[in-house]
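Throughout the sequence shown, residue numbering follows the numbering used here, covering 45 to 419 in sequence.
Ideal Cβ placement from N, Cα and C applies to all residues, glycine included.
A short worksheet on the structure shown next.
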Amino acid sequence: MTTARKRQQEWSPRLWHGGDLFAWMRLLVRNHFAVQPSYLYIAAVTCAASVFNSLMRVLSDACFGGRIACTPFSQAPLFIVGHWRTGTTLLHELLILDPRHTFPNNYQCMAPHHFLLTERIIPRVGWFMAPSRRPMDNMEFGWDKPQEDEFALCLLGQPSPYTTIAFPNHAPQDQDAFDLEHMSPRALAGWKRAFLHFLRSLIVKNPGRLILKSPTHSCRIPTLLELFPDARFVHIVRDPYVVFPSTVNLWKALYKKHGFQRPTFTGLEDYIFRTFQHLYERLEQAKKLTAPERFHEMRYEDLIRDPEGQMHLLYERLQLGGFEEALPRMRKYLAEHAGYQTNRYPSLTPELRAEITKRWGEVIERYGYGKGESV
């Protein structure tokens with residue numbers, strides 16, 4: 045049996061096992077309880093898990109609510125932005141090697157209601173529930189590995205484009221949650237409260253500058269600057285001719301693994317085309333809102349070729365300081381992952397390549413990928 049097939053058959057918790065009962069019921073109601081029969085057992089486990097999470101949330105709020113509410117942000121977060129599959133995870137892992145930095149891990153994002161109460165226990169007794177690798181690539185998975193805070197927001201019941209993963213055969217959901225600006229004032233206020241509460245919870249657990257990575261934040265920079273006027277941003281970009289098939293693979297893997305329907309993938313490619321265009325339009329607009337020392341851009345290919353040089357440049361441009369102290373850990377990480385192989389995909393058909401060039405041509409030219417550079 046191939047390694048890829050073993051990973052497909054490897055059991056792991058579903059994303060929705062981390063939500064509370066209210067968020068789970070809302071998700072079911074808005075999708076008309078469209079769970080397909082072969083997924084009913086997963087829905088039943090999710091129901092049980094949501095009751096547990098609701099109880100643990102009450103206990104956690106009683107134990108930590110006051111402390112969370114009065115926890116300050118000593119430093120504004122650093123946000124890693126960029127499209128999916130552009131190297132945001134690699135950059136996240138490099139930045140969190142700095143001991144001054146803190147970050148949300150897999151367990152905290154999958155149990156956002158009560159990780160302060162349960163993180164010392166459940167990951168230890170439930171170590172076997174974590175898959176060895178992520179479903180979409182060869183990256184290692186573990187409860188302590190860094191994760192997107194967007195998953196936490198989704199499980200906290202906030203509007204998120206990631207709710208589409210649950211019922212992939214329905215129309216994409218919560219698309220207003222990309223920008224946030226088109227949400228109702230009440231919904232936006234609720235999103236901000238939940239986001240800040242989660243971030244403060246992370247600092248209660250591990251103080252330091254938060255390093256946050258979520259592609260969805262690429263569209264939210266105006267709102268993020270309202271919350272954190274001194275926030276820093278690093279944007280990583282990658283060859284769009286590589287990003288497209290990799291993103292298709294990402295969503296297919298997540299739909300298969302975490303959905304309650306057998307996905308048909310109808311309209312998936314067009315959705316990726318449109319989301320990419322929108323994300324980069326918003327990023328270009330956001331550059332005008334940030335000072336040069338608060339927004340840095342890099343190419344994935346450059347980071348792979350010269351990781352030390354590119355990370356040093358990032359530290360200098362964003363005025364982070366302390367690069368020499370973080371460098372030994374970075375070198376150790378790079379040595380341990382020297383043999384890592386990225387996923388390989390079939391060559392693009394001439395028709396698909398032409399469509400990528402047509403629809404993403406502006407971004408391709410802006411970042412110097414006119415010849416379709418690939419790594």
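* **Residue from Asn-75, Leu-134, Phe-242 whose Cα sits closest to the Cα of Gln-152** => Taking the first residue of the sequence shown as position 1, residue 152 is located at position 108. Residue Phe-242 is the option with its Cα nearest to Gln-152.
* With a threshold of 16 other CB atoms inside 10 Å of the CB of Phe-211, please say whether the residue is buried or exposed. => Here residue 211 corresponds to residue number 167 of the sequence shown, with the count starting at 1. That one is buried.
* Asked: Are the CB atoms of Val-286 and Leu-312 nearer to each other than 9 Å?
  -> In the sequence shown, the residue the question calls residue 286 occupies position 242. In the sequence shown, the residue the question calls residue 312 occupies position 268. Result no, Cβ atoms of Val-286 and Leu-312 do not sit closer than 9 Å.
* Thinking C-alpha only, which one of Arg-326, His-61, Ile-86, Gln-119 is nearest Pro-266? -> Your numbering for residue 266 matches position 222 in the sequence shown. Of the listed residues, the one whose Cα sits closest to Pro-266 is Arg-326.
* Nearest to Tyr-359 (by Cα), restricted to the options Val-73, Ile-86, Asp-142, Asn-75 -> As a first step, residue 359 must be located in the sequence shown, where it is residue number 315. Closest option to Tyr-359, Cα to Cα, is Asp-142.
* Kindly list the residues whose CB is nearer than 6 Å to the CB of Asp-223, restricted to its own chain and excluding five residues on each side of it in sequence; keep chain order. => As a first step, residue 223 must be located in the sequence shown, where it is residue number 179. Closer than 6 Å at Cβ, skipping near neighbours: Cys-263.
* Which residue comes first and which comes last in the beta strand (DSSP E) that contains Ile-209? -> Position 165 of the sequence shown, counted from the first residue, corresponds to residue 209. No beta strand (DSSP E) holds Ile-209; DSSP gives it neither H nor E.
* Buried versus exposed call for Gln-80 [16 or more other C-beta atoms within 10 Å across all chains shown] -> Numbered from its first residue, the sequence shown carries residue 80 at position 36. The residue is exposed, with fewer than 16 neighbouring Cβ atoms inside 10 Å.
* **Closer than 8 Å: Ala-335 CB and nearest the ligand SAH heavy atom** => The ligand SAH is not part of this structure, which contains no ligands at all.
* Distance CB(Leu-362)-CB(Val-248) smaller than 9 Å -> Against the sequence shown, residue 362 aligns to sequence position 318. Against the sequence shown, residue 248 aligns to sequence position 204. Going by C-beta atoms, Leu-362 is not nearer than 9 Å to Val-248.
* Is the beta carbon of Ala-67 sitting closer than 9 Å to the one on Leu-232? -> As a working mapping, residue 67 is identified with position 23 in the sequence shown. As a working mapping, residue 232 is identified with position 188 in the sequence shown. Taking 9 Å as the Cβ cut-off, Ala-67 and Leu-232 do not qualify as a contacting pair.
* Asked: Straight-line CA distance for Ile-140 to Pro-148?
  -> In the sequence shown, the residue the question calls residue 140 occupies position 96. In the sequence shown, the residue the question calls residue 148 occupies position 104. Their Cα atoms are separated by approximately 10 Å.
* Residues that DSSP places opposite Leu-122 in a beta bridge -> One-based indexing of the sequence shown puts residue 122 at position 78. BP columns for Leu-122 point to Ile-255, Arg-276.
* Asked: Any idea which residues DSSP pairs Phe-339 with across the strands?
  -> Residue 339 sits at position 295 when you count from the first residue of the sequence shown. In the DSSP output, where bridge partners are listed per residue, Phe-339 has Phe-277.
* To do: Using alpha carbons as the reference points, say which of Asn-150, Gln-217, His-145, Leu-357 lies closest to Gly-186.
  => Within the sequence shown, the letter at position 142 stands for residue 186. Closest option to Gly-186, Cα to Cα, is Asn-150.
* To do: In angstroms with no decimal places, state the Cα-to-Cα distance between Thr-46 and Ser-290.
  => Working through the sequence shown from its first residue, we reach residue 46 at position 2. Working through the sequence shown from its first residue, we reach residue 290 at position 246. Caution is warranted here: a pLDDT of 45 is assigned to Thr-46, below 50, making its placement in the model unreliable, and the coordinate value is therefore given only provisionally. Thr-46 and Ser-290: Cα-Cα distance of roughly 20 Å.
* Count the other CB atoms, across all protein chains shown, that sit within 10 Å of the CB of Arg-51; report buried if there are 16 or more and exposed otherwise. => Taking the sequence shown and counting its residues from 1, the one referred to as residue 51 is at position 7. With a pLDDT of only 44 at Arg-51, under 50, the local geometry of the prediction cannot be trusted, and no value is derived from it.
* **Own chain, CB closer than 7 Å to Thr-132, minus 5 neighbours either side, in chain order** => Residue mapping note: residue 132 aligns to position 88 of the sequence shown, counting from 1. Taken in chain order, the residues that qualify are Ile-124, Gly-126, Lys-257, Pro-259, Ile-280.
* **Alpha-carbon spacing of Leu-271 relative to Ile-255, whole angstroms** => Stepping through the sequence shown from its first residue, residue 271 is reached at position 227. Stepping through the sequence shown from its first residue, residue 255 is reached at position 211. Computed Cα separation, rounded: 15 Å.
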